[in-house]
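Residue numbers (the working numbering): 313 to 351.
C-beta: ideal position from N, C-alpha, C; glycine also.
Presented below is the structure to which this report refers.
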């Protein structure tokens with residue numbers, strides 16, 4: 313495995329983790345708002 317491959321792989325993993333974190337944050341916010349509205 314070359315250093316460029318490793319760099320691309322690590323940057324891709326970082327991007328993926330960030331996307332997942334943002335997605336779960338939005339999901340939690342939306343769920344909270346839904347529960348708040350329906351109460």
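What number of angstroms, rounded off, separates the C-alpha of residue i from the C-alpha of residue j?
{"i": "residue 352", "j": "residue 329", "result": "Since the displayed the chain opens at 313 and closes at 351, residue 352 lies outside it and no answer follows."}
{"i": "residue 314", "j": "residue 320", "result": "10 Å"}
{"i": "residue 333", "j": "residue 327", "result": "10 Å"}
{"i": "residue 338", "j": "residue 318", "result": "30 Å"}
{"i": "residue 316", "j": "residue 322", "result": "10 Å"}
Does the beta carbon of residue i fall short of 7 Å from some heavy atom of the ligand FAD?
{"i": "residue 348", "result": "What this structure holds is no ligand at all, so the ligand FAD is not there to describe."}
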